[in-house]
Each structure stands twice: as structure tokens, then as C-alpha cells.
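Undergrad: The listed protein sequences correspond, in order, to chains D and V. Under my numbering, think of the first position of the first sequence as 966, with each following residue one higher. Under my numbering, think of the first position of the second sequence as 59, with each following residue one higher. The following block contains the structure, expressed as C-alpha cells.
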Amino acid sequence: MSKQQSLKSFFNRT
Amino acid sequence: MFEARLNAATTLKKVLDAIKDLLNEATFDCSDAGIQLQAMDNSHVSLVSLTLRSDGFDKFRCDRNLSMGMNLGSMSKILKCANNEDTVTMKAQDNADTVTFMFESQNHEKVSDYEMKLMNLDQEHLGIPETDYSCVVRMPAMEFARICRDLSQFGESVIICCTKEGVKFSASGDVGSANIKLAQTSSVDKEEEAVTIEMQEPVSLTFACRYLNAFTKATPLSNQVQLSMSADVPLVVEYRIPDLGHIRYYLAPKIEE
């Protein structure tokens with residue numbers, strides 16, 4: 966099984 | 059005062075169709091450069107980034123920057139009332155809490171206007187880092203839609219594997235497994251039918267079918283789609299909207315547990 970990552974771990978909040 | 063006019067409502071209908079499955083509501087940021095929208099889906103797995111340039115509109119006026127929070131379901135109801143060939147004008151006063159959509163028939167004999175309440179949305183703007191992608195694939199948008207649809211029958215995830223030779227899409231599940239390979243086209247009569255691959259490093263990444271299928275709702279906007287990939291970073295699926303702008307979808311990859 967593969968786990969879905971969140972976008973928030975890649976993009977910074979501005 | 060904000061006013062933006064497109065000579066055919068069909069373009070705005072297609073733009074809305076391309077985002078409304080992923081987003082329930084979104085903020086349209088208007089400036090003299092045009093209209094921008096950036097929003098994540100509810101599960102924070104994908105992000106939609108839409109740019110409509112002011113010079114792509116048949117008329118565009120934006121005296122003051124304006125952020126309009128819209129319920130996309132309501133907007134969809136309103137746009138259903140427009141014929142594809144109708145001229146559509148969006149209008150709002152500065153600091154207004156409503157936006158008006160005006161539709162005008164080609165023969166100017168029918169004019170309708172619909173006023174929609176705006177929403178105050180909690181905006182979370184994300185900074186998207188500049189990335190040099192290892193692989194950039196361009197292919198016919200219809201072909202990509204077909205591949206996503208076909209493979210979603212076999213599993214929840216698609217593995218996209220890109221090498222110099224070509225790009226392979228794979229899925230597997232209870233039924234069995236499926237692989238679709240596309241080679242770079244050697245020569246094509248029409249540019250929109252080409253498959254091109256720019257590769258610095260081969261990549262293999264896993265993505266959720268559900269989101270890829272949602273992105274392909276943008277297919278009517280563009281003949282070609284561009285997939286940009288690097289190891290361990292979000293995929294970018296870009297559709298260029300001729301003479302008007304683009305819609306980009308970012309999708310976080312899946313990882314082995």
C-alpha cells in the first residue's frame with residue numbers, strides 16, 4: 966500500500 | 059469597479075468545469091493583470107492555480123485589487139443559464155459583497171443578469187517553490203484523459219515512469235495490471251498530436267487516480283497537456299488556455315508505507 970502525502974509538506978505558507 | 063467580458067460564455071464554463079470537482083469554493087483575485095485563483099482541495103493533496111490574463115478578455119477593467127470569494131456550485135448554477143455563444147460579463151463594485159454575471163445573446167435581443175453573493179473565505183496562500191523538473195512530458199490532452207480513465211479501472215494509483223525512450227503509466231489491483239507506454243513521436247503532421255519528452259533524469263512517481271481524473275476535466279480547454287515531474291516533489295499538470303492563460307494542478311505524490 967502507498968500513502969498519500971499532503972501538499973503542505975512541500976509548499977510554504979506565504 | 060471591476061468588469062471582465064468574454065465573447066463566448068463557453069470559455070468560462072470550461073474553466074469552471076475544470077475546477078469545480080476539486081473545489082467547493084474559491085477566491086478569484088482580480089487586478090489589472092487579470093484574474094488569479096489558487097486553492098487546495100479539502101484534503102490538501104492537490105492545488106489548483108488558475109491564471110486568466112487581462113489581455114485575453116474582450117474587455118477588462120479593474121480599478122482596485124479585488125478578492126471575490128465564490129461558491130463554485132452557485133457559480134455553476136448561474137453559468138448553466140448562459141448559452142455557449144453568449145457574451146458573458148462579470149461585474150462588481152469596489153468592496154461589493156455581490157458579483158453580477160450578465161449574459162447577452164449574439165443578436166443582442168436577450169440580456170440576463172444574475173447577482174451572486176460573495177463569500178469571505180479564509181485564504182491560505184501557498185508559496186510554490188521554483189523547481190527544475192527532471193522530466194517534462196507534453197502530450198495530447200485527450201490521450202492523457204483516456205489513459206487516466208482507463209487505468210483507474212485497475213487501481214487507485216498510477217505509477218508514471220519517464221525515461222528518454224518514453225513515458226509509461228501503470229496501475230494494478232484485484233483485476234490484474236495495466237501498462238500503457240507512449241513513445242516520443244518522431245514526426246507528426248499536427249503539433250497538437252505530438253508526444254515530446256524533455257528528460258534530465260528518469261523519474262518514477264506514484265499518484266492517486268482520483269485526482270488525475272479530476273484534472274482531466276480541463277481537457278476541453280487545451281489540445282495539449284504538460285506533465286512536469288521530479289523525484290519526491292508534486293507533479294504539475296498544466297493546460298494552456300489559448301490566448302487567455304493557463305490552469306495548473308499540483309499533486310503530492312504517494313509514497314510506500
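Glycine included, C-beta positions come from ideal geometry on N, C-alpha and C. Only a predicted model underlies this, so the values are computations on that prediction, with no experimental measurement involved.
Cβ of V:Ala266 less than 8 Å from any chain D Cβ?
TA: Here residue 266 of chain V is taken as the residue at index 208 of the second sequence, counted from 1. Yes, V:Ala266 lies at the interface with chain D (some Cβ there is under 8 Å from its Cβ).
Undergrad: Less than 8 Å between the CB atoms is what I'm expecting for V:Val157 and V:Leu176, so what's the real figure, rounded?
TA: Along the second sequence, one-based indexing puts residue 157 of chain V at 99. Along the second sequence, one-based indexing puts residue 176 of chain V at 118. Rounded to whole angstroms, the Cβ separation of V:Val157 and V:Leu176 is 6 Å, and the two are in contact under 8 Å.
Undergrad: Are the C-beta atoms of V:Glu315 and some chain D residue less than 8 Å apart?
TA: Position 257 of the second sequence, counted from the start, is the residue given in the question as residue 315 of chain V. Look at V:Glu315: its C-beta is under 8 Å from a C-beta on chain D.
Undergrad: Whose Cβ in chain D lies nearer than 7 Å to the Cβ of V:Val103?
TA: Here residue 103 of chain V refers to the residue found at position 45 of the second sequence. Gln969, Ser971 and Leu972, listed in chain order.
Undergrad: What's the gap between the Cα of V:Glu185 and the Cα of V:Leu108?
TA: Looking up residue 185 of chain V in the second sequence gives position 127. Looking up residue 108 of chain V in the second sequence gives position 50. Reading the sequence as shown, one finds Gly at residue 185 of chain V and not Glu. Approximately 14 Å, taken between the alpha carbons.
Undergrad: Quick check: is the beta carbon of V:Val226 nearer than 8 Å to any beta carbon in chain D?
TA: The count along the second sequence starts at 1 and reaches residue 226 of chain V at position 168. This sequence places Lys at residue 226 of chain V; Val is not what is there. No, its Cβ sits nowhere closer than 8 Å to a Cβ of chain D.
Undergrad: What are the start and end residues of the beta strand (DSSP E) that includes V:Asp87?
TA: Translated into positions along the second sequence, residue 87 of chain V becomes position 29. The continuous beta strand (DSSP E) containing V:Asp87 extends over residues Glu83 to Ser89.
Undergrad: Can you check whether the CB of V:Lys222 is closer than 8 Å to the CB of D:Lys968?
TA: Within the first sequence, numbered from 1, the residue matching residue 968 of chain D stands at position 3. Within the second sequence, numbered from 1, the residue matching residue 222 of chain V stands at position 164. No, Cβ-Cβ distance for D:Lys968 and V:Lys222 is not below 8 Å.
Undergrad: If you count every other CB in all the chains shown that lies within 10 Å of the CB of V:Met257, and 16 or more means buried, which is it?
TA: Against the second sequence, residue 257 of chain V aligns to sequence position 199. V:Met257 should be labelled buried.
Undergrad: Are the Cβ atoms of V:Ala67 and V:Asp144 separated by less than 8 Å?
TA: Your numbering for residue 67 of chain V matches position 9 in the second sequence. Your numbering for residue 144 of chain V matches position 86 in the second sequence. Yes, these two residues count as a Cβ contact at 8 Å.
Undergrad: Which runs of the beta strand (DSSP E), 3 residues or longer, sit entirely within the stretch 236-271 of chain V?
TA: 254-257 and 261-266
Undergrad: With 8 Å set as the bound, which would you pick, yes or no: does the beta-carbon of V:Tyr308 sit closer than that to a beta-carbon of chain D?
TA: Counting from one through the second sequence, the residue named residue 308 of chain V turns up at place 250. V:Tyr308 counts as touching chain D.
Undergrad: V:Ile77 lies in the beta strand (DSSP E); which residues open and close that run?
TA: Translated into the one-based positions of the second sequence, residue 77 of chain V becomes position 19. From DSSP, V:Ile77 is part of no beta strand (DSSP E) but of the alpha helix (DSSP H) over Ala67 to Ile77.
Undergrad: Helix, strand or coil for V:Cys139? Go by DSSP, reduced to three states.
TA: The count along the second sequence starts at 1 and reaches residue 139 of chain V at position 81. Three-state DSSP puts V:Cys139 in coil, outside helix and strand.
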